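I have placed the structure first, in the form of C-alpha cells, so that the comments after it can refer back to it.
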Ligand SMILES: [Zn+2]
Ligand SMILES: [Zn+2]
C-alpha cells in the first residue's frame, strides 16, 4: 500500500499491460501479414477482443503510434488502422532494440559487411528482369548521394530474394542510415561503385560483385564511423525523442541494470518537459525494457536489463509467416558464424581463453544426449565478439531454426564429430589464427554435424 504514492497510480493507467497489448497487436499484424490501411477495430472492439480496459487500449495505441506501426483515427469512419507492413514491423522492432540497447555504429558496420557481400552474391544468382529495371533506374536517380544511397543498398538486398537477409540486413541498414547526419553527401566515387556492383550482378559475376561491395563498404566505413551519435528522426514526437535521449544517457553514462537515474521530479527538472511528456517517454522505455519507474521511497527511474527476446520473437513470427526455405536461413546464419569466429579471435581476452577451455571441458562431459549443447559453443563465441549486433542476429536465427530443426542421424556419432570440430576451431582461436579459425568454421558448418539451434521455445510465448 505504502509504496504506491497516491496520485501516480491513477494518472498512469497500467503501463505494463499496455506494453503487453502493444506486443500482442504487433504480433497479430506480423502473423496475419496485415497491410497498411487495415482496420484493426475500434477502441471498444479491441478492448473486448483482448479483454482489457479502454484506457489500456489507448495507451497501447499510443506506443504503436510512436513507432508508426498503427494510427488511431477519430470520427465516423474512425478506428485503429495498421500503418506498417509485417516486414516493416519486424524491421522496426529490430531497429528499436539496436537503438535502445545502444549498439554502436562500429558494431553495425562490422556485421553489415559480411551480410551485404552475401546479398550481392545471391543477387547475382537470383536477379530477375524487374530487379534489373529497378536497379538501373536507381543508378540514374541516385547520382549525388542522399536517401537514394539507402535505396540502392535496400534494392540490392531485395534482389537477393532471401527474406531473412532482407529483414535483418534491412534493419541494420535503417539503423546506420538514421545515424548519418542530415545533409551529408555520399563519398566520392559512390556512383561509380554502385554502377560497377550492379553491372557485375547483372552479368552473374558473383565473386566480382562481392569484391566490389567489400571495397565500397571500406570506403564508406572510413567516412561514417564517427562515434555513436544517433540523430533524432525528424518525425519522432517529443516523448519518443526524450526516450531516446534518456537511453543515450544510460549508455554514455555507463549505467548498469539496477542504477537509479533519478526521481520523476529530478527528471522533470533535468529535461525541462511536462509531466505528461516524461510519463509517455517512461512508458516507451518500459516497453523496451530499457528502464522502469519504481514508485515509493528509494524509487525513481531504474535502469533495466534489456533483452533481445522481443525483436527475436518478431523476426521469428515474420519468417514463419513467410515460410522461408531453411537454406535461406542457413546461408545468413553461416555468414554470421564466420563473422563471429573472426571477431572473437581478434578480440580474445585472457578471460575468454579460460571460458573457451572451460566450455570445451563442459561440452566433453555433457554432450551424451543433448543436441542443444552444440549451439551453446556458438553462443559462447558470439559473446566474445564484443559486438551486440552479431549476438542479436545469431540469437534471432538460432531461435528461428530451433522451431524447425528436428534430430537427425545417430546423435552419438554426430556429437563426437561436433565436439572434435569445436576443439579444432577453439585451437585456431587460441593460436590467434583468424584465417584457419574461419576455414575450420566453414568446414564445420558444411558438415552440418550440429544443428546450431537454440533451445526451442513455444511459438505463442511472450518475451522470456
Ligand atoms: Zn553504396
Ligand atoms: Zn558447432
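In my numbering, the protein residues as written are 2 to 465.
Note that the Cβ used here is the ideal one computed from N, Cα and C, for glycine as well.
None of these values were measured; they are calculated from a predicted model.
Asked: Does at least one heavy atom of ligand 2 sit under 7 Å from the Cβ of residue 61?; Found: no
Asked: Taking its Cβ as the centre, do 16 or more other Cβ atoms sit within 10 Å of residue 217, making it buried, or is it exposed?; Found: buried
Asked: In chain order, which continuous runs of the alpha helix (DSSP H) of length 4 or greater are located wholly inside the segment 67 to 118?; Found: 87 to 101
Asked: Would the beta-carbon of residue 38 be found less than 7 Å away from any heavy atom of ligand 2?; Found: no
Asked: Is residue 424 near ligand 2, in the sense that its beta carbon is under 7 Å from a heavy atom of that ligand?; Found: no
Asked: Distance, Cα to Cα, residue 405 vs residue 276?; Found: Unreliable positioning characterises residue 405 in this predicted model, as indicated by a pLDDT of 45, which lies under 50. The coordinate reading is nonetheless provided below. Going from the Cα of residue 405 to the Cα of residue 276 covers about 47 Å.
Asked: To the nearest angstrom, how far is the alpha carbon of residue 253 from that of residue 247?; Found: 10 Å
Asked: Three-state secondary structure (DSSP) at residue 293?; Found: strand
Asked: By DSSP, does residue 261 sit in helix, in strand, or in coil?; Found: strand
Asked: Measuring alpha carbon to alpha carbon, tell me which of 346, 433, 443, 332 ends up nearest residue 166.; Found: 332
Asked: In whole angstroms, what is the alpha-carbon distance linking residue 43 and residue 79?; Found: 7 Å
Asked: Since residue 118 and residue 215 are thought to touch, with beta carbons under 8 Å apart, how far apart are those beta carbons, to the nearest angstrom?; Found: 6 Å
Asked: Could you give the residue range of the beta strand (DSSP E) that holds residue 42?; Found: 40 to 42
Asked: Please classify residue 413: does DSSP put it in a helix, a strand, or coil?; Found: helix
Asked: Just checking, does the segment 130 to 140 make contact with the segment 152 to 171 on the three C-beta pairs under 8 Å criterion?; Found: yes
Asked: Take residue 261 as the anchor and find which of 115, 325, 312, 301 has the nearest alpha-carbon.; Found: 301
Asked: Does the segment 270 to 286 come within contact of the segment 318 to 325, defined as at least 3 CB pairs closer than 8 Å?; Found: no
Asked: Please say whether residue 57 and residue 19 have beta carbons closer to each other than 8 Å?; Found: yes
Asked: With respect to 7 Å, is the separation between the Cβ of residue 142 and the closest non-hydrogen atom of ligand 1 below this value?; Found: no
Asked: Thinking just about the alpha-carbon of each residue, which of 210, 63, 121 is nearest to the one in residue 241?; Found: 63
Asked: Return helix, strand or coil for residue 181, following the three-state DSSP convention.; Found: coil
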